[in-house]
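Taken in sequence, the protein lines are chains A and B. Quick note on my numbering: the first sequence kicks off at 1 and runs consecutively. Quick note on my numbering: the second sequence kicks off at 1001 and runs consecutively. Backbone N, C-alpha and C fix where the C-beta goes; we use that ideal spot for every residue, glycine too.
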Amino acid sequence: MAIVLSAQNLRKCYGDQVVVDGLNLSIQRGECFGLLGPNGAGKTTTLRLMLGLITPDTGELQLLDHAVPQQARAARLRVGVVPQIDNLDPDFTVAENLLVYGRYFGMSDAAIEARMPELLEFANLTHKRDVKVPTLSGGMKRRLTLARALVNDPEVIFLDEPTTGLDPQARHLIWQRLRELTASGKTLLLTTHFMDEAERLCHRLAVMDNGRIISTGSPRELIAQNIEPQVVEVFGEQAAAWAQSHAARHAQRFEVSGETVYCYVADAQPLLLELQQHPELRYLHRPANLEDVFLKLTGREMREQS
Amino acid sequence: MKPNIFALPQFSRRFIPIWRRNFMVWEKMAGSAILGNLADPVIYMLGMGYGLGGMLPQIGGMSYMAFLAAGIVCYSTMNSASFEVLYSTFSRMYEQRTWDAILNTPITLDDIVFSEVVWAGSKSLLSGLAVLLVIWLLGMSHSPLSLWIIPLALLVGLCFAALGLIVTALAPGYDFFMYYFTLVITPMVLLCGVFFPVEQLPPLLQNVSSVLPLTHAINLARPLLNDAIPAHFLLHIAVLLGYVLVGFYVALVLFRRRLSQ
Chain A
1 MAIVLSAQNL
11 RKCYGDQVVV
21 DGLNLSIQRG
31 ECFGLLGPNG
41 AGKTTTLRLM
51 LGLITPDTGE
61 LQLLDHAVPQ
71 QARAARLRVG
81 VVPQIDNLDP
91 DFTVAENLLV
101 YGRYFGMSDA
111 AIEARMPELL
121 EFANLTHKRD
131 VKVPTLSGGM
141 KRRLTLARAL
151 VNDPEVIFLD
161 EPTTGLDPQA
171 RHLIWQRLRE
181 LTASGKTLLL
191 TTHFMDEAER
201 LCHRLAVMDN
211 GRIISTGSPR
221 ELIAQNIEPQ
231 VVEVFGEQAA
241 AWAQSHAARH
251 AQRFEVSGET
261 VYCYVADAQP
271 LLLELQQHPE
281 LRYLHRPANL
291 EDVFLKLTGR
301 EMREQS
Chain B
1001 MKPNIFALPQ
1011 FSRRFIPIWR
1021 RNFMVWEKMA
1031 GSAILGNLAD
1041 PVIYMLGMGY
1051 GLGGMLPQIG
1061 GMSYMAFLAA
1071 GIVCYSTMNS
1081 ASFEVLYSTF
1091 SRMYEQRTWD
1101 AILNTPITLD
1111 DIVFSEVVWA
1121 GSKSLLSGLA
1131 VLLVIWLLGM
1141 SHSPLSLWII
1151 PLALLVGLCF
1161 AALGLIVTAL
1171 APGYDFFMYY
1181 FTLVITPMVL
1191 LCGVFFPVEQ
1201 LPPLLQNVSS
1211 VLPLTHAINL
1221 ARPLLNDAIP
1231 AHFLLHIAVL
1241 LGYVLVGFYV
1251 ALVLFRRRLS
1261 Q
């Protein structure tokens, strides 16, 4: 399969702070690739580097056969971007936003108008065509931003936290649209810190922290490679005390977080039998998921810097 | 690799869609914008012209009203460009993030900064035209040379657009612009011969005045409106062009430092 985007040994510092630290990545045509990481992991900086908006200190970047940042203009002609922070034109209607944005790509008004019905349909905004942007809901604005990113019929679409701040209905609609895009052969690169989003949408994922990629693979591979297959969550005031004395005997690994103990096991049966002896504890037995991997790899402590 | 923020500007025709975007926004409020362009100079010229003009004899062989007309043309174009590149440009860059959206397309920061200068120059041109119309209607100039005010308005607009963009590139927020208006624009209005001849100032201030762009603009506008070819017109044009080029380059370097590192 053709490589659409490749980064080798990409590095970017701001002063003493290394934001992207020797990043290697390659994305194939037609795949949906997810970049996961806590706030401040370097995801947005990575996207800005890939678009040629900032220059790396060292490293090689190819986007659609163009060297970036040297030929970034030519590369961006074939790319669509859904930014993290809304930047639609508030003075314009839905249709005007699409028209004005299409012109930035050098498209004629006739060519943009010809694409307009399809774009509005895709964004479920046909009935809002002549409505001004400030009156749209958060979900509608996101869908318009997505439609705007498609105005030039791009081959690659960059999405920076596409569903942050949306309610579940709006989020599911965006997911459905992104799946349609992948099905139609587009290549997607999205950043997110929603694990269910990554698990549902992405063919491959990279977990990023402190400017480095610490694990790559399909969602299943990441789980299989990094974590025991079963998780038992134990809750209750006595959970921590119970964990100190009993958990290590039945679980390969356990973590205490407040009043919850997370036990990671290959076979949950012995642990579940043990827990039945402790009626004061409640528990939940489930298969390991991506969030467990993420927390294992990037730690449970809060990231305060953005 | 290190980005060279001092590289010479790279121009492309891709600035045109940004100009058209700004025009589309302007069109939506064109009524109030044009009214302001026309009403402001009328109020100034009638108020100050009659108010002060009644007490003053002729200045340099012309009525005070005619003297004032040249000042108001340049003052209006300066204001129009300055407000555009300070408040409106800052809003596009910072608040509305319009620049962020544009930068994700094949347009570069150089194109954007160039579009801002040209757009502010265009608005100044319109403002200058409006004042010229008022001058003609009030019968304050009958000279065909007054048509030269039209390209002059564009040049003055580009000049103050370029200078103002330097401030915008450095601004942390809207409050910052007060410094520029208080420390640069207001003194310029009083030192450059808008309301009274520069010769009224003490020699030191006359020297300051001689390097300020508005002085050179007015030295061109005043003879043109009074049917005379300005003395040293090449020098005045060169000074104004110099401010355009140097101001634009400095602003561009500062925007690159701010946004593309």
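Quiz item: For arginine 103(A) versus proline 1017(B), is the C-beta spacing smaller than 7 Å?
Solution: Along the first sequence, one-based indexing puts residue 103(A) at 103. Along the second sequence, one-based indexing puts residue 1017(B) at 17. Yes; because the gap between Cβ atoms is below 7 Å, this pair is in contact.
Self-check item: Span of the alpha helix (DSSP H), counted from its first residue to its last, around arginine 29(A)
Solution: Here the question's residue 29(A) lines up with position 29 in the first sequence. It is not in any alpha helix (DSSP H) - arginine 29(A) carries neither H nor E in the DSSP assignment.
Quiz prompt | Collapsed DSSP secondary structure at serine 215(A) in the structure displayed | solution = Along the first sequence, read from residue 1 onward, the residue named residue 215(A) stands at position 215. Three-state result, serine 215(A): strand.
Quiz item: Just to confirm, are methionine 195(A) and leucine 290(A) a CB contact at a threshold of 7 Å?
Solution: Start at 1 with the first residue of the first sequence, and residue 195(A) comes out as number 195. Start at 1 with the first residue of the first sequence, and residue 290(A) comes out as number 290. Contact: yes.
Self-check item: Contacts of arginine 1257(B) in chain A (Cβ-Cβ under 7 Å)
Solution: Position 257 of the second sequence, counting from 1, holds the residue named residue 1257(B). Residues of chain A passing the Cβ test: none, with the nearest at roughly 12 Å.
Exercise. Determine the burial state of serine 306(A): buried for a count of at least 16 other Cβ atoms within 10 Å of its Cβ, exposed for fewer.
Key: Numbered from 1 along the first sequence, position 306 holds the residue referred to as residue 306(A). With a pLDDT of 42 at serine 306(A), under the threshold of 50, the modelled position of this residue cannot be trusted; read the value that follows with caution. Exposed is the call here.
Exercise. Check the DSSP bridge columns for glycine 80(A) and list the partner residues they point to.
Key: Taking the first residue of the first sequence as position 1, residue 80(A) is located at position 80. Paired residue(s): Ile157(A).
Quiz item: Using a Cβ-Cβ cut-off of 6 Å (strictly less than) and excluding sequence neighbours within five positions of tyrosine 101(A), which residues of its own chain qualify?
Solution: Residue 101(A) sits at position 101 when you count from the first residue of the first sequence. If we look at tyrosine 101(A) and ignore the five residues flanking it on each side, its Cβ neighbours are Arg148, Val151.
Self-check item: Where leucine 1192(B) falls: helix, strand or coil (DSSP)
Solution: To locate residue 1192(B), count along the second sequence from 1; it is residue 192. As written in the sequence, residue 1192(B) is cysteine, which differs from the leucine given in the question. Coil, per DSSP.
Quiz prompt | First through last residue of the beta strand (DSSP E) which encompasses asparagine 152(A) | solution = As a working note, residue 152(A) is residue 152 in the first sequence. Run containing asparagine 152(A): none; DSSP gives neither H nor E here.
Self-check item: Other residues of its chain near leucine 5(A): CB distance less than 6 Å, five sequence neighbours each side excluded
Solution: On the first sequence, residue 5(A) is found 5 positions in, with the first residue counted as 1. So the list reads Ile27, Leu63, once near-sequence residues are dropped.
Practice problem: Consult DSSP for glutamate 1084(B) and reduce its assignment to one of helix, strand or coil. | Solution: Taking the second sequence and counting its residues from 1, the one referred to as residue 1084(B) is at position 84. In the structure shown, glutamate 1084(B) sits in a helix (DSSP, three-state: H, G or I).
Self-check item: 7 Å CB neighbourhood of arginine 1092(B) in its chain, flanking five on each side removed
Solution: On the second sequence, residue 1092(B) is found 92 positions in, with the first residue counted as 1. Excluding residues within five positions, the ones whose Cβ falls inside 7 Å are Thr1098, Trp1099.
Self-check item: Segments assigned alpha helix (DSSP H), at least 4 residues, entirely inside the stretch 1073-1126 of chain B
Solution: 1098-1103
Exercise. Run down chain B in chain order and give the residues with a C-beta less than 7 Å from the C-beta of leucine 77(A).
Key: Numbered from 1 along the first sequence, position 77 holds the residue referred to as residue 77(A). Result: Pro1106.
Practice problem: Put threonine 163(A) into one of helix, strand or coil per three-state DSSP. | Solution: Here residue 163(A) is taken as the residue at index 163 of the first sequence, counted from 1. Of the three classes helix, strand and coil, the one that applies to threonine 163(A) here is coil, per DSSP.
Practice problem: Kindly say whether threonine 55(A), judged by its beta-carbon, lies nearer than 7 Å to any beta-carbon of chain B. | Solution: Taking the first sequence and counting its residues from 1, one reaches residue 55(A) at position 55. Answer yes: the Cβ-Cβ gap between threonine 55(A) and chain B drops below 7 Å somewhere.
Exercise. Can you give me the start and stop residues for the beta strand (DSSP E) that glutamine 316(A) sits inside?
Key: Residue 316(A) lies beyond the residue range present for chain A, which begins at 1 and ends at 306; the question has no answer from this structure.
Self-check item: Partner residues on chain B for isoleucine 359(A), Cβ-Cβ distance less than 8 Å
Solution: Since the first residue shown for chain A is 1 and the last is 306, residue 359(A) is missing from the structure and cannot be characterised.
Quiz prompt | For serine 306(A), the three-state DSSP class (helix, strand or coil) | solution = For the purposes of this step, residue 306(A) is taken as the residue at position 306 of the first sequence. Any reading at serine 306(A) must be qualified, since the residue scores a pLDDT of 42, below 50, and its modelled position is unreliable; the value itself is stated next. Coil, per DSSP.
Quiz item: Name the residues in the stretch 1020-1040 of chain B whose C-beta lies less than 8 Å from a C-beta of chain A; which are they?
Solution: Arg1020, Arg1021, Met1024, Val1025, Lys1028
Quiz prompt | 7 Å CB neighbourhood of proline 1003(B) in its chain, flanking five on each side removed | solution = By 1-based counting over the second sequence, the position of residue 1003(B) is 3. Same-chain partners within the cutoff: Ser1260, Gln1261.
Quiz item: When the Cα atoms are used, what is the spatial distance from glycine 1164(B) to isoleucine 1034(B)?
Solution: Along the second sequence, read from residue 1 onward, the residue named residue 1164(B) stands at position 164. Along the second sequence, read from residue 1 onward, the residue named residue 1034(B) stands at position 34. Looking at the two C-alpha atoms, the distance is approximately 22 Å.
Self-check item: Inter-residue spacing [alpha-carbon to alpha-carbon] between serine 1124(B) and valine 1253(B)
Solution: One-based indexing of the second sequence puts residue 1124(B) at position 124. One-based indexing of the second sequence puts residue 1253(B) at position 253. One C-alpha to the other measures close to 24 Å.
Quiz item: Hey, is the stretch 1154-1169 of chain B in contact with the stretch 1201-1217 of chain B, meaning 3+ C-beta pairs nearer than 8 Å?
Solution: yes
Self-check item: Beta-carbon neighbours of aspartate 160(A), restricted to chain B and to distances below 8 Å
Solution: Position 160 of the first sequence, counting from 1, holds the residue named residue 160(A). Chain B residues near aspartate 160(A): none, gap ~10 Å exceeds 8 Å.
Quiz item: Mapping DSSP to helix, strand and coil, what is serine 257(A)?
Solution: The residue labelled residue 257(A) in the question sits at position 257 within the first sequence. Here serine 257(A) sits in strand by DSSP.
Quiz item: Taking DSSP as the reference, what is the three-state secondary structure of glutamate 280(A)?
Solution: Translated into the one-based positions of the first sequence, residue 280(A) becomes position 280. Glutamate 280(A): coil per DSSP, three-state reduction.
Quiz item: cysteine 1159(B) lies in the alpha helix (DSSP H); which residues open and close that run?
Solution: The residue labelled residue 1159(B) in the question sits at position 159 within the second sequence. Here the alpha helix (DSSP H) through cysteine 1159(B) covers 1149-1170.
Exercise. Drop a sphere of 10 angstroms on the beta-carbon of proline 1151(B), count the other beta-carbons inside from all chains shown, and report buried for 16 or more, exposed for fewer.
Key: The residue given as residue 1151(B) occupies position 151 in the second sequence. Flag for proline 1151(B) reads exposed.
Quiz item: Looking at the structure shown, is alanine 224(A) part of a helix, part of a strand, or coil, going by DSSP?
Solution: Sequence index remark: in the first sequence, residue 224(A) carries index 224 (1-based). Alanine 224(A) falls in the helix class under three-state DSSP.
Quiz item: What does a CB cutoff of less than 8 Å around glutamine 225(A) pick up in its chain, not counting 5 residues either side in sequence?
Solution: Counting from 1 along the first sequence, the entry for residue 225(A) is found at position 225. Once the five neighbours on either side are set aside, the close Cβ partners of glutamine 225(A) are Ser215, Gly217.
Self-check item: Residue environment, proline 219(A), which counts as buried when at least 16 other CB atoms sit within 10 Å
Solution: Within the first sequence, the letter at position 219 stands for residue 219(A). Looking at its Cβ environment, which holds 16 or more other Cβ atoms inside 10 Å, proline 219(A) is buried.
Quiz prompt | Neighbour flag for serine 306(A) against chain B, beta carbons, 7 Å | solution = Here residue 306(A) corresponds to residue number 306 of the first sequence, with the count starting at 1. Unreliable placement is indicated for serine 306(A), whose pLDDT of 42 sits below 50; the coordinate value is still reported in the next sentence. No, no contact with chain B.
Exercise. Please list, in chain order, all residues of the same chain as lysine 141(A) whose beta carbon is under 8 Å from its beta carbon, the five residues on each side excluded.
Key: Position 141 of the first sequence, counting from 1, holds the residue named residue 141(A). Asp86, Leu88, Val133, listed in sequence order.
Quiz item: Closer than 7 Å, CB to CB, is leucine 1103(B) near chain A or not?
Solution: Here residue 1103(B) refers to the residue found at position 103 of the second sequence. For leucine 1103(B), the answer is yes, since a Cβ of chain A falls inside 7 Å of its Cβ.
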